[in-house]
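Numbering (our numbering), first residue to last: -4 to 441.
Every residue, glycine too, gets a C-beta built ideally from N, C-alpha and C.
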(Lines of atoms letter the chains of each structure in order from A and count residues from 1; the text may use other names and numbers.)
(Lines give C-alpha, C1' and ligand atoms only; values in the text may rest on other atoms or scores of the structure.)
Protein backbone atom coordinates (compact mmCIF):
# COMPACT_ATOMS: atom_id res chain seq x y z
CA UNK A 1 0.00 0.00 0.00
CA UNK A 2 1.46 3.35 -1.01
CA UNK A 3 1.58 6.39 1.18
CA UNK A 4 -1.15 7.92 -0.94
CA UNK A 5 -3.55 5.13 -0.08
CA UNK A 6 -2.96 5.16 3.66
CA UNK A 7 -6.14 6.58 5.20
CA UNK A 8 -5.63 9.66 7.35
CA UNK A 9 -6.62 9.36 10.99
CA UNK A 10 -8.78 12.28 11.98
CA UNK A 11 -8.18 13.80 15.43
CA UNK A 12 -11.19 13.47 17.66
CA UNK A 13 -13.24 16.65 17.76
CA UNK A 14 -12.58 18.70 20.86
CA UNK A 15 -15.87 18.89 22.73
CA UNK A 16 -17.05 21.36 25.30
CA UNK A 17 -16.34 18.96 28.17
CA UNK A 18 -13.82 19.21 29.65
CA UNK A 19 -11.59 21.43 27.49
CA UNK A 20 -14.24 24.06 26.78
CA UNK A 21 -15.25 24.14 30.42
CA UNK A 22 -11.64 24.49 31.48
CA UNK A 23 -11.32 27.62 29.35
CA UNK A 24 -14.25 29.12 31.22
CA UNK A 25 -12.73 28.12 34.58
CA UNK A 26 -9.41 29.69 33.60
CA UNK A 27 -11.04 33.03 32.73
CA UNK A 28 -10.64 35.24 35.78
CA UNK A 29 -12.09 38.46 37.16
CA UNK A 30 -8.90 39.61 38.88
CA UNK A 31 -7.94 36.39 40.61
CA UNK A 32 -11.46 34.90 40.80
CA UNK A 33 -12.37 32.17 38.28
CA UNK A 34 -15.52 33.13 36.38
CA UNK A 35 -17.73 30.23 37.64
CA UNK A 36 -16.65 30.96 41.23
CA UNK A 37 -17.42 34.65 40.65
CA UNK A 38 -21.00 33.79 39.59
CA UNK A 39 -21.50 31.45 42.54
CA UNK A 40 -20.13 34.00 45.02
CA UNK A 41 -22.35 36.73 43.61
CA UNK A 42 -25.40 34.51 44.13
CA UNK A 43 -24.26 33.60 47.66
CA UNK A 44 -23.68 37.23 48.69
CA UNK A 45 -27.10 38.19 47.33
CA UNK A 46 -28.61 35.29 49.24
CA UNK A 47 -26.99 36.32 52.53
CA UNK A 48 -28.09 39.94 52.01
CA UNK A 49 -31.70 38.93 51.29
CA UNK A 50 -32.08 36.37 54.06
CA UNK A 51 -30.58 38.26 56.99
CA UNK A 52 -27.36 39.66 58.43
CA UNK A 53 -24.21 39.27 56.37
CA UNK A 54 -21.45 37.82 58.61
CA UNK A 55 -18.45 40.04 59.35
CA UNK A 56 -16.00 37.19 59.92
CA UNK A 57 -12.84 36.72 57.88
CA UNK A 58 -14.43 34.23 55.47
CA UNK A 59 -17.23 36.52 54.34
CA UNK A 60 -14.93 39.57 54.42
CA UNK A 61 -12.49 37.81 52.09
CA UNK A 62 -15.30 37.13 49.63
CA UNK A 63 -16.88 40.60 49.81
CA UNK A 64 -13.60 42.47 49.44
CA UNK A 65 -12.31 40.25 46.63
CA UNK A 66 -15.58 40.48 44.67
CA UNK A 67 -15.89 44.23 45.14
CA UNK A 68 -12.22 45.12 44.67
CA UNK A 69 -11.52 43.05 41.57
CA UNK A 70 -14.84 43.95 39.92
CA UNK A 71 -14.14 47.68 40.28
CA UNK A 72 -10.54 47.22 39.18
CA UNK A 73 -11.57 45.27 36.08
CA UNK A 74 -13.93 48.09 35.10
CA UNK A 75 -11.06 50.58 35.41
CA UNK A 76 -8.67 48.39 33.44
CA UNK A 77 -11.06 48.34 30.49
CA UNK A 78 -11.52 52.09 30.13
CA UNK A 79 -9.67 53.51 27.12
CA UNK A 80 -7.03 56.12 28.00
CA UNK A 81 -7.97 56.23 31.70
CA UNK A 82 -6.70 52.71 32.26
CA UNK A 83 -3.22 54.13 31.61
CA UNK A 84 -3.46 56.65 34.46
CA UNK A 85 -4.46 54.39 37.32
CA UNK A 86 -8.20 53.98 36.67
CA UNK A 87 -8.16 50.51 38.27
CA UNK A 88 -6.94 51.84 41.62
CA UNK A 89 -9.23 54.89 41.43
CA UNK A 90 -12.29 52.79 40.65
CA UNK A 91 -11.46 50.26 43.38
CA UNK A 92 -11.32 53.09 45.94
CA UNK A 93 -13.86 55.69 44.90
CA UNK A 94 -16.69 53.62 43.37
CA UNK A 95 -17.29 51.85 46.72
CA UNK A 96 -17.06 55.22 48.52
CA UNK A 97 -19.75 56.60 46.20
CA UNK A 98 -21.93 53.50 46.59
CA UNK A 99 -21.59 53.53 50.39
CA UNK A 100 -22.40 57.23 50.73
CA UNK A 101 -25.53 56.99 48.59
CA UNK A 102 -26.62 53.72 50.28
CA UNK A 103 -26.50 51.77 47.02
CA UNK A 104 -24.79 48.95 48.88
CA UNK A 105 -27.12 46.85 51.08
CA UNK A 106 -26.79 47.92 54.70
CA UNK A 107 -25.83 44.39 55.78
CA UNK A 108 -22.94 44.28 53.29
CA UNK A 109 -21.85 47.81 54.18
CA UNK A 110 -21.86 46.96 57.88
CA UNK A 111 -19.92 43.73 57.37
CA UNK A 112 -17.17 45.38 55.33
CA UNK A 113 -16.91 48.40 57.64
CA UNK A 114 -16.74 46.32 60.80
CA UNK A 115 -14.07 44.01 59.41
CA UNK A 116 -11.97 46.87 58.02
CA UNK A 117 -12.00 48.97 61.18
CA UNK A 118 -11.38 46.18 63.69
CA UNK A 119 -9.14 43.69 61.86
CA UNK A 120 -6.06 45.91 61.22
CA UNK A 121 -6.22 44.55 57.68
CA UNK A 122 -4.36 47.57 56.29
CA UNK A 123 -1.36 47.10 58.56
CA UNK A 124 -1.06 43.40 57.80
CA UNK A 125 -0.82 44.41 54.15
CA UNK A 126 1.73 47.17 54.79
CA UNK A 127 3.84 44.91 57.03
CA UNK A 128 3.98 42.19 54.36
CA UNK A 129 4.75 44.65 51.57
CA UNK A 130 7.45 46.58 53.47
CA UNK A 131 9.28 43.60 54.96
CA UNK A 132 9.06 41.57 51.75
CA UNK A 133 10.23 44.35 49.46
CA UNK A 134 13.11 45.38 51.75
CA UNK A 135 14.39 41.86 52.26
CA UNK A 136 14.13 41.21 48.52
CA UNK A 137 16.23 44.26 47.62
CA UNK A 138 19.88 44.43 46.74
CA UNK A 139 21.76 45.70 49.81
CA UNK A 140 23.82 48.31 47.99
CA UNK A 141 20.79 49.74 46.23
CA UNK A 142 18.92 49.84 49.54
CA UNK A 143 21.70 51.80 51.26
CA UNK A 144 22.13 54.30 48.45
CA UNK A 145 18.39 54.67 47.91
CA UNK A 146 17.62 55.48 51.55
CA UNK A 147 20.38 58.06 51.68
CA UNK A 148 19.46 59.74 48.40
CA UNK A 149 15.66 59.81 48.59
CA UNK A 150 15.64 62.52 51.27
CA UNK A 151 17.17 65.06 48.85
CA UNK A 152 14.43 65.06 46.16
CA UNK A 153 11.80 64.68 48.89
CA UNK A 154 12.98 67.74 50.82
CA UNK A 155 13.50 69.91 47.73
CA UNK A 156 10.18 68.80 46.28
CA UNK A 157 8.33 69.66 49.48
CA UNK A 158 9.90 73.13 49.63
CA UNK A 159 9.14 73.86 45.96
CA UNK A 160 5.57 72.55 46.29
CA UNK A 161 4.94 74.71 49.37
CA UNK A 162 6.14 77.86 47.61
CA UNK A 163 4.42 77.28 44.28
CA UNK A 164 1.21 75.94 45.81
CA UNK A 165 0.89 79.02 48.04
CA UNK A 166 1.57 81.40 45.13
CA UNK A 167 -0.98 79.64 42.93
CA UNK A 168 -3.55 79.74 45.74
CA UNK A 169 -2.97 83.49 46.08
CA UNK A 170 -3.36 83.92 42.33
CA UNK A 171 -6.77 82.18 42.30
CA UNK A 172 -8.07 84.20 45.25
CA UNK A 173 -7.58 81.92 48.26
CA UNK A 174 -5.04 84.13 49.99
CA UNK A 175 -1.60 83.16 51.31
CA UNK A 176 -2.77 82.08 54.77
CA UNK A 177 -5.64 79.90 53.53
CA UNK A 178 -3.58 78.44 50.69
CA UNK A 179 -0.61 77.45 52.81
CA UNK A 180 -2.17 76.29 56.08
CA UNK A 181 -5.43 74.81 54.79
CA UNK A 182 -4.56 73.49 51.32
CA UNK A 183 -0.83 72.98 50.75
CA UNK A 184 0.18 71.72 54.19
CA UNK A 185 -2.68 69.20 54.57
CA UNK A 186 -1.70 67.68 51.22
CA UNK A 187 1.78 66.89 52.53
CA UNK A 188 0.84 66.18 56.16
CA UNK A 189 0.89 62.38 55.83
CA UNK A 190 -2.74 61.40 55.31
CA UNK A 191 -5.71 61.44 57.69
CA UNK A 192 -4.77 59.59 60.89
CA UNK A 193 -1.14 60.71 60.97
CA UNK A 194 -1.64 64.06 59.22
CA UNK A 195 -5.05 65.75 59.11
CA UNK A 196 -6.08 64.74 62.64
CA UNK A 197 -2.93 65.89 64.51
CA UNK A 198 -2.77 68.96 62.28
CA UNK A 199 -6.35 69.95 63.12
CA UNK A 200 -5.73 69.29 66.83
CA UNK A 201 -2.67 71.54 66.69
CA UNK A 202 -4.57 74.23 64.81
CA UNK A 203 -7.40 74.05 67.34
CA UNK A 204 -5.04 74.61 70.25
CA UNK A 205 -3.22 77.49 68.59
CA UNK A 206 -6.20 79.23 66.95
CA UNK A 207 -8.70 78.45 69.77
CA UNK A 208 -11.26 77.03 67.35
CA UNK A 209 -13.26 73.80 67.31
CA UNK A 210 -11.13 70.86 66.19
CA UNK A 211 -14.04 69.31 64.27
CA UNK A 212 -14.52 72.43 62.15
CA UNK A 213 -10.83 72.64 61.37
CA UNK A 214 -10.67 68.94 60.52
CA UNK A 215 -13.49 69.42 58.02
CA UNK A 216 -11.38 72.13 56.33
CA UNK A 217 -8.12 70.20 56.09
CA UNK A 218 -9.60 66.83 55.05
CA UNK A 219 -10.75 67.66 51.47
CA UNK A 220 -7.26 68.70 50.25
CA UNK A 221 -5.90 65.42 51.67
CA UNK A 222 -8.46 63.46 49.65
CA UNK A 223 -8.15 65.37 46.39
CA UNK A 224 -4.36 65.61 46.68
CA UNK A 225 -4.20 61.83 46.97
CA UNK A 226 -6.49 61.43 43.94
CA UNK A 227 -4.28 63.82 41.94
CA UNK A 228 -1.17 61.86 42.93
CA UNK A 229 -2.84 58.61 41.82
CA UNK A 230 -3.65 60.07 38.40
CA UNK A 231 -0.17 61.54 37.90
CA UNK A 232 1.53 58.33 39.04
CA UNK A 233 -0.56 56.30 36.61
CA UNK A 234 0.45 58.69 33.84
CA UNK A 235 4.13 58.33 34.81
CA UNK A 236 3.80 54.55 34.63
CA UNK A 237 2.50 54.95 31.07
CA UNK A 238 5.36 57.34 30.29
CA UNK A 239 7.86 54.80 31.57
CA UNK A 240 6.60 52.23 29.09
CA UNK A 241 7.27 54.65 26.23
CA UNK A 242 10.66 55.79 27.57
CA UNK A 243 12.15 52.83 29.49
CA UNK A 244 15.43 54.63 30.19
CA UNK A 245 13.60 56.95 32.60
CA UNK A 246 12.43 54.23 34.95
CA UNK A 247 13.79 51.35 36.98
CA UNK A 248 10.31 49.76 37.21
CA UNK A 249 10.38 49.96 41.00
CA UNK A 250 14.10 50.60 41.53
CA UNK A 251 15.34 54.08 42.43
CA UNK A 252 18.72 53.84 40.77
CA UNK A 253 20.72 51.57 38.48
CA UNK A 254 22.32 48.60 40.22
CA UNK A 255 24.89 46.04 39.26
CA UNK A 256 24.94 42.39 40.18
CA UNK A 257 23.54 41.63 43.62
CA UNK A 258 26.13 41.58 46.34
CA UNK A 259 26.33 37.93 47.41
CA UNK A 260 28.55 36.81 50.21
CA UNK A 261 30.46 33.52 49.85
CA UNK A 262 28.13 30.67 50.77
CA UNK A 263 25.01 32.76 50.35
CA UNK A 264 22.20 31.54 48.15
CA UNK A 265 21.07 33.84 45.37
CA UNK A 266 17.73 35.52 45.94
CA UNK A 267 15.02 34.35 43.61
CA UNK A 268 15.03 30.62 44.37
CA UNK A 269 11.54 29.37 45.21
CA UNK A 270 11.28 28.58 48.94
CA UNK A 271 9.13 25.85 50.44
CA UNK A 272 5.78 26.50 52.11
CA UNK A 273 7.27 26.41 55.62
CA UNK A 274 9.74 29.16 54.76
CA UNK A 275 7.01 31.32 53.24
CA UNK A 276 4.93 30.91 56.41
CA UNK A 277 7.99 31.77 58.51
CA UNK A 278 8.47 34.95 56.48
CA UNK A 279 4.85 35.92 57.06
CA UNK A 280 5.11 35.54 60.83
CA UNK A 281 8.41 37.46 60.73
CA UNK A 282 6.70 40.41 59.03
CA UNK A 283 3.90 40.40 61.63
CA UNK A 284 6.47 40.22 64.45
CA UNK A 285 8.32 43.27 63.15
CA UNK A 286 5.06 45.19 62.96
CA UNK A 287 4.16 44.26 66.55
CA UNK A 288 7.58 45.49 67.68
CA UNK A 289 6.65 48.76 65.97
CA UNK A 290 3.32 48.83 67.82
CA UNK A 291 5.09 48.36 71.16
CA UNK A 292 7.54 51.11 70.22
CA UNK A 293 4.64 53.42 69.44
CA UNK A 294 3.05 52.62 72.80
CA UNK A 295 6.28 53.30 74.69
CA UNK A 296 7.85 56.14 72.69
CA UNK A 297 4.97 57.51 70.55
CA UNK A 298 6.91 56.78 67.34
CA UNK A 299 4.88 55.53 64.31
CA UNK A 300 4.75 51.73 64.22
CA UNK A 301 5.23 51.38 60.42
CA UNK A 302 8.37 53.54 60.52
CA UNK A 303 9.85 51.50 63.39
CA UNK A 304 9.10 48.31 61.46
CA UNK A 305 10.71 49.78 58.36
CA UNK A 306 13.93 50.70 60.17
CA UNK A 307 14.17 47.27 61.81
CA UNK A 308 13.69 45.53 58.46
CA UNK A 309 16.42 47.69 56.92
CA UNK A 310 18.78 46.96 59.83
CA UNK A 311 18.14 43.21 59.47
CA UNK A 312 18.81 43.37 55.73
CA UNK A 313 21.98 45.44 56.03
CA UNK A 314 23.42 43.31 58.83
CA UNK A 315 22.61 40.05 56.98
CA UNK A 316 20.69 38.86 60.05
CA UNK A 317 18.08 37.16 57.85
CA UNK A 318 19.03 34.06 55.88
CA UNK A 319 18.69 34.09 52.07
CA UNK A 320 15.97 31.45 52.18
CA UNK A 321 13.88 33.56 54.59
CA UNK A 322 14.47 36.58 52.37
CA UNK A 323 13.13 34.59 49.44
CA UNK A 324 10.12 33.64 51.53
CA UNK A 325 9.49 37.29 52.43
CA UNK A 326 9.61 38.23 48.77
CA UNK A 327 6.98 35.59 47.94
CA UNK A 328 4.77 37.00 50.72
CA UNK A 329 5.22 40.45 49.19
CA UNK A 330 4.25 39.17 45.73
CA UNK A 331 1.16 37.43 47.09
CA UNK A 332 -0.13 40.51 48.90
CA UNK A 333 0.63 42.88 46.02
CA UNK A 334 -1.17 40.59 43.54
CA UNK A 335 -4.08 39.17 45.51
CA UNK A 336 -4.81 41.67 48.28
CA UNK A 337 -4.28 45.17 46.85
CA UNK A 338 -7.65 45.71 45.14
CA UNK A 339 -9.70 44.09 47.91
CA UNK A 340 -7.91 46.38 50.37
CA UNK A 341 -8.69 49.44 48.24
CA UNK A 342 -12.34 48.40 48.16
CA UNK A 343 -12.35 48.16 51.97
CA UNK A 344 -10.72 51.58 52.23
CA UNK A 345 -13.31 53.05 49.88
CA UNK A 346 -16.26 51.68 51.84
CA UNK A 347 -15.01 52.28 55.39
CA UNK A 348 -12.47 55.10 55.28
CA UNK A 349 -13.13 57.38 52.29
CA UNK A 350 -15.95 59.89 52.89
CA UNK A 351 -17.42 60.71 49.48
CA UNK A 352 -19.00 63.97 50.63
CA UNK A 353 -15.67 65.31 51.93
CA UNK A 354 -13.99 64.44 48.62
CA UNK A 355 -16.68 66.17 46.57
CA UNK A 356 -16.52 69.23 48.83
CA UNK A 357 -13.03 70.02 47.53
CA UNK A 358 -14.13 70.14 43.90
CA UNK A 359 -14.06 73.92 43.49
CA UNK A 360 -11.92 75.56 40.83
CA UNK A 361 -9.54 77.47 43.19
CA UNK A 362 -9.02 74.36 45.33
CA UNK A 363 -8.50 72.07 42.35
CA UNK A 364 -6.00 74.42 40.69
CA UNK A 365 -4.01 74.89 43.91
CA UNK A 366 -3.99 71.18 44.77
CA UNK A 367 -3.01 70.06 41.27
CA UNK A 368 -0.21 72.66 41.14
CA UNK A 369 1.12 71.56 44.54
CA UNK A 370 1.22 67.86 43.66
CA UNK A 371 2.58 68.52 40.16
CA UNK A 372 5.49 70.61 41.49
CA UNK A 373 6.23 68.06 44.23
CA UNK A 374 6.50 65.28 41.65
CA UNK A 375 8.22 67.34 38.96
CA UNK A 376 10.91 68.44 41.41
CA UNK A 377 11.46 64.81 42.38
CA UNK A 378 11.75 63.91 38.71
CA UNK A 379 14.34 66.61 37.96
CA UNK A 380 16.39 66.18 41.14
CA UNK A 381 16.33 62.40 40.74
CA UNK A 382 17.72 62.73 37.26
CA UNK A 383 20.50 65.04 38.49
CA UNK A 384 21.38 62.46 41.16
CA UNK A 385 21.53 59.72 38.49
CA UNK A 386 18.46 58.02 39.92
CA UNK A 387 15.48 56.84 37.90
CA UNK A 388 13.40 60.05 37.66
CA UNK A 389 9.99 58.41 37.22
CA UNK A 390 10.40 56.22 40.29
CA UNK A 391 11.68 59.12 42.40
CA UNK A 392 8.72 61.25 41.28
CA UNK A 393 6.33 58.47 42.32
CA UNK A 394 7.91 58.29 45.79
CA UNK A 395 7.48 62.07 46.07
CA UNK A 396 3.84 61.60 45.04
CA UNK A 397 3.32 59.45 48.14
CA UNK A 398 4.17 62.53 50.23
CA UNK A 399 0.87 63.97 48.95
CA UNK A 400 -1.07 60.74 49.46
CA UNK A 401 -3.76 59.76 51.92
CA UNK A 402 -1.38 58.11 54.39
CA UNK A 403 -0.86 54.37 54.15
CA UNK A 404 -4.05 53.96 52.12
CA UNK A 405 -2.84 56.58 49.67
CA UNK A 406 0.52 54.85 49.33
CA UNK A 407 -1.24 51.64 48.36
CA UNK A 408 -3.43 53.39 45.78
CA UNK A 409 -0.59 55.47 44.30
CA UNK A 410 1.83 52.57 43.98
CA UNK A 411 -0.92 50.36 42.59
CA UNK A 412 -1.72 52.93 39.91
CA UNK A 413 2.01 53.17 39.13
CA UNK A 414 2.47 49.38 39.24
CA UNK A 415 5.42 49.84 41.62
CA UNK A 416 4.42 48.31 44.93
CA UNK A 417 8.07 47.47 45.66
CA UNK A 418 8.62 51.18 46.36
CA UNK A 419 6.51 50.89 49.53
CA UNK A 420 9.48 51.27 51.96
CA UNK A 421 10.43 54.58 50.35
CA UNK A 422 6.77 55.60 50.15
CA UNK A 423 6.49 55.09 53.90
CA UNK A 424 9.47 57.39 54.44
CA UNK A 425 7.79 60.04 52.29
CA UNK A 426 4.45 59.63 54.02
CA UNK A 427 5.33 59.01 57.67
CA UNK A 428 8.58 60.88 58.18
CA UNK A 429 7.85 63.55 55.57
CA UNK A 430 4.38 64.06 56.99
CA UNK A 431 5.58 64.26 60.60
CA UNK A 432 8.21 66.85 59.69
CA UNK A 433 5.64 68.86 57.71
CA UNK A 434 3.12 68.92 60.60
CA UNK A 435 5.78 69.80 63.18
CA UNK A 436 7.31 72.68 61.19
CA UNK A 437 3.87 74.02 60.27
CA UNK A 438 2.66 74.16 63.87
CA UNK A 439 5.90 75.87 64.95
CA UNK A 440 5.42 78.43 62.16
CA UNK A 441 1.78 79.04 63.15
CA UNK A 442 2.74 79.58 66.80
CA UNK A 443 5.37 82.08 65.67
CA UNK A 444 2.84 83.93 63.50
CA UNK A 445 0.32 84.07 66.36
CA UNK A 446 2.83 85.37 68.90
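| query | result |
| --- | --- |
| Within a Cβ cutoff of 7 Å, which residues of the same chain sit near residue 284, ignoring the five residues on either side of it in sequence? | 295, 296, 298, 299 |
| By DSSP, does residue 26 sit in helix, in strand, or in coil? | coil |
| Would residue 349 pass as a contact of residue 196 if the rule is Cβ separation under 7 Å? | no |
| Following the continuous alpha helix (DSSP H) through residue 98, name the residue where it begins and the one where it ends. | Per DSSP, residue 98 belongs to no alpha helix (DSSP H) and is neither H nor E. |
| Please give the ranges of any alpha helix (DSSP H) in the region 347 to 411, keeping only runs that are unbroken, at least 4 residues long and fully inside the region. | 355 to 378, 383 to 392, 397 to 408 |
| Which of the three DSSP states is assigned to residue 433 in this structure? | helix |
| Among 234, 184, 158, 382, whose alpha-carbon lies nearest the alpha-carbon of residue 174? | 158 |
| State the CB to CB distance for the pair residue 333 and residue 25, rounded to an integer number of angstroms; the pair is presumed to be in contact (CB under 8 Å). | 6 Å |
| Would you call the CB atoms of residue 225 and residue 383 closer than 7 Å? | no |
| Taking only three categories from DSSP, how would you classify residue 204? | coil |
| May I have the straight-line CA-CA distance separating residue 68 from residue 402, to the nearest angstrom? | 17 Å |
| DSSP state of residue 115, grouped into three classes? | coil |
| Taking residue 73 as part of the alpha helix (DSSP H), name the residues at either end of that continuous run. | Looking at the DSSP string, residue 73 is not in any alpha helix (DSSP H), and its letter there is neither H nor E. |
| With DSSP as the reference, label residue 333 as helix, strand or coil. | helix |
| Quick check on residue 311: does DSSP put it in helix, strand or coil? | coil |
| Would you kindly work out how many angstroms separate the C-alpha atoms of residue 381 and residue 42, rounded to a whole number? | 52 Å |
| Within its chain, find whatever has a CB closer than 8 Å to the CB of residue 421; leave out the 5 residues flanking it on each side and keep chain order. | 184, 185, 188, 392, 393, 395, 397, 398, 400, 401 |
| From residue 148 to residue 419, what does the alpha carbon distance come to, in whole angstroms? | 9 Å |
| Measuring alpha carbon to alpha carbon, tell me which residue in 40, 56, 439, 347 is nearest residue 211. | 347 |
| Please report how far the alpha carbon of residue 138 lies from the alpha carbon of residue 351, in whole angstroms. | 42 Å |
| Among 372, 15, 47, 377, which one has its Cα closest to the Cα of residue 388? | 372 |
| Please check the pair residue 91 and residue 50, which I expect to be a contact at CB under 8 Å, by giving their CB distance rounded to whole angstroms. | Not really, about 19 Å apart at Cβ, beyond 8 Å. |
| Could you tell me the alpha carbon to alpha carbon distance between residue 360 and residue 176, rounded to whole angstroms? | 11 Å |
| Using a Cβ-Cβ cut-off of 7 Å (strictly less than) and excluding sequence neighbours within five positions of residue 244, which residues of its own chain qualify? | 385, 410, 412, 413 |
| Could you tell me if the beta carbon of residue 414 falls within a distance shorter than 6 Å of some heavy atom in the ligand FMN? | The model on display carries no ligand, and the ligand FMN is accordingly not part of it. |
| Where do the N-terminal and C-terminal ends of the alpha helix (DSSP H) with residue 416 fall, by residue? | 414 to 418 |
| Taking C-beta to C-beta, are residue 374 and residue 143 nearer than 7 Å? | no |
| Are the beta-carbon atoms belonging to residue 70 and residue 85 less than 7 Å from one another? | yes |
| Does DSSP put residue 144 in a helix, in a strand, or in coil? | coil |
| Under a three-way DSSP split, which group does residue 247 fall into? | coil |
| Is it the case that the Cβ atoms of residue 55 and residue 281 are separated by a distance below 7 Å? | no |
| Return the first residue and the last residue of the alpha helix (DSSP H) that residue 289 is part of. | 267 to 291 |
| Check whether the region 153 to 167 and the region 303 to 322 touch, using three or more Cβ-Cβ pairs below 8 Å as the test. | no |
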